[in-house]
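Numbering follows my numbering, in which position 282 of the sequence shown is assigned residue number 282; successive positions increment by one, without gaps. Heads up, the beta-carbon is just placed ideally off N, CA and C, and yes, glycines get one too. Worksheet: one structure, shown below.
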Amino acid sequence: MCRLLVLVVAAGCSFRAGGAVSTDGGGGGGGGGPPDTSDACTSFSKQFDTCPLAGSAGGDLTLSGPNMYDTATGKLVTPTQQIPVTSVQLAALAGPVEAIVAHDVHLTSGATLTASGMLPVAIVAFGAVTLDSGATIVVSAGGAGARTACAGGPSAGTDDHSGASGGGGAGFGAAGGPGGDGDADQGPSAGGAGGDAAAPAPAGPLGGCPGAKGGNGADDGGAGGAGGGAVYLVAQVSITLASSSGIDAGGAGGAGGQQTGISNGDGGGGGGGAGGYVALEAPRVQNGGVLAANGGGGGEASGNGDSGRSGAPGSLVTTQAPGGTGGSPTGTDGGAGGAQLAPAGGSPNGVEDGGGGGGGGAVGFIFLVSPDVQAGVTSPTAN
């Protein structure tokens, strides 16, 4: 495996920087004739210069079955082996990304590529990227590049032993849902505010935001859900997703309020995490599958001696992830996560006798950059 940490030519790696293309119409030297473009290179990415990567593209990368990629180490593994791969850290427009560089990249039918780590994941193909039927790339629920905190993030629910409130859902591509009020003895305890929508949209790959914690009652409130990660695919020729394939950058559901003792805990539900970021760039992009960066549902509150249930994670659908429900008869259900038709995170409905439910997380972002694009199914709507 050849791995760079910065975009420079490094000893031991066969990277070649292409020459610049002259645009002034004149010769660059004393001859005055047309410029020599035999070694010219034009980058095919708007995020970073692909020319210095040309020598590292090597052969094709074909994946089948389950595969895991860690952006912290640059290692690609299956349950039984490590797969040799060129891994490069690049400076994209919103921050660094960890990229797999190859010629053609092919996920066969049913294959999965699950990416984790602090940095967003990129795939740079000097040929084509193809996902066969049922193949998926997954950076959901705290996957590669998901952020642990965001400016303008949601606030936690208010603590109250007789009825704590829910945490706010995370915002990103839209606003997060507010947490529900708890049913306290001396008036309701206020639910946490939802996170803000990003303005403007991120310039490059950037992971989603986490939901806020539910307030503590006699027992702990639920933890906020992790945000979705970030994935960027760029190809010199084409990107094609077959039917039933997909890329999932959904946020995690907030955890339910906890009940560990025999007393009524009344802990608030955690807020859902926001969806992350998905971007595809190529001269031709054909999406026959689903691209999704949906928010996670808020967690259900505890109450009457029962823990609340976690909200559902955002997934490869266009409908909202439901908030946690059915675990506690007196804990308020969580709010739904954002999706295509309702991008903002939802707030809990009503107030039960126990704690307040967590707010739903909002959608993230999907970008399709191509002069020839078939958008297919995306949630939220692609930019």
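Counting along the chain, glutamine 320 sits inside no beta strand (DSSP E), nor does DSSP assign it H or E at all.
Setting aside the 5 residues that flank it on each side, alanine 282 is surrounded in the same chain by Ala235, Ser238, Ile239, Ser370, each with a C-beta closer than 6 Å to its C-beta; the list follows chain order. Rounded to whole angstroms, the separation of the alpha carbons of leucine 113 and glycine 267 is 36 Å. Residue burial annotation: glycine 59 is exposed, with fewer than 16 other C-beta atoms found within 10 angstroms of its C-beta.
With fewer than 16 other Cβ atoms from the protein chains shown falling within 10 Å of its own Cβ, asparagine 349 counts as exposed. For asparagine 216, the number of other beta carbons within 10 angstroms of its own is at least 16, and it is reported as buried. Closest option to glycine 152, judged by alpha-carbon separation, among Cys209, Gly337, Ala226, Gly358: Cys209. When Cβ pairs closer than 8 Å are counted between the two stretches, the segment 292 to 300 is seen to touch the segment 312 to 322, the count reaching three or more. Judged by DSSP secondary structure, phenylalanine 365 falls within the beta strand (DSSP E) whose first and last residues are 365 to 369.
Under the three-state reduction of DSSP output, glycine 176 falls in the coil class, being neither helix nor strand. Distance from the CA atom of glycine 166 to the CA atom of glycine 227, rounded to whole angstroms, is 18 Å.
Counted as a single uninterrupted DSSP element, the beta strand (DSSP E) harbouring alanine 99 occupies residues 95 to 102. For glycine 246, the enclosing beta strand (DSSP E) has its first and last residue at 246 to 248. When rounded, the separation of the alpha-carbon atoms in alanine 102 and valine 85 is 8 Å. In this structure, the beta-carbon distance from leucine 131 to alanine 252 does not fall below 9 Å.
For threonine 114, the enclosing beta strand (DSSP E) has its first and last residue at 112 to 116. Contiguous beta strand (DSSP E) elements confined to the segment 189 to 252 occur at 230 to 235, 238 to 241, 246 to 248, taking only those with 3 or more residues. Around the CB of glycine 326, fewer than 16 other CB atoms lie within 10 Å, so the residue is classed as exposed.
Following the DSSP letters along the chain, one finds leucine 291 inside the beta strand (DSSP E) bounded by residues 290 to 292. Rounded to the nearest whole angstrom, the C-alpha separation of alanine 174 and glycine 356 is 22 Å.
Per DSSP, reduced to three states, the secondary structure at leucine 76 is strand.
Rounded to whole angstroms, the gap between the alpha carbons of serine 140 and glycine 376 is 20 Å.
The segment 335 to 347 makes contact with the segment 271 to 289, as at least three CB pairs between them are under 8 Å. In the same chain as alanine 279, and ignoring 5 residues on each side of it, the C-beta atoms closer than 6 Å to its own belong to Tyr232, Phe367, in chain order. The beta carbon of glutamine 340 lies closer than 6 Å to those of Thr318, Ser379, Pro380 in the same chain, with the five residues before and after it left out. Taking the Cα of alanine 199 as reference, the smallest distance to any Cα among Ala382, Ala312, Gly364, Thr136 is reached at Gly364. Taken atom to atom, the span from the alpha-carbon of glycine 314 to that of serine 109 is near 23 Å. Bridge partners of histidine 106 according to DSSP: Thr62, Thr130.
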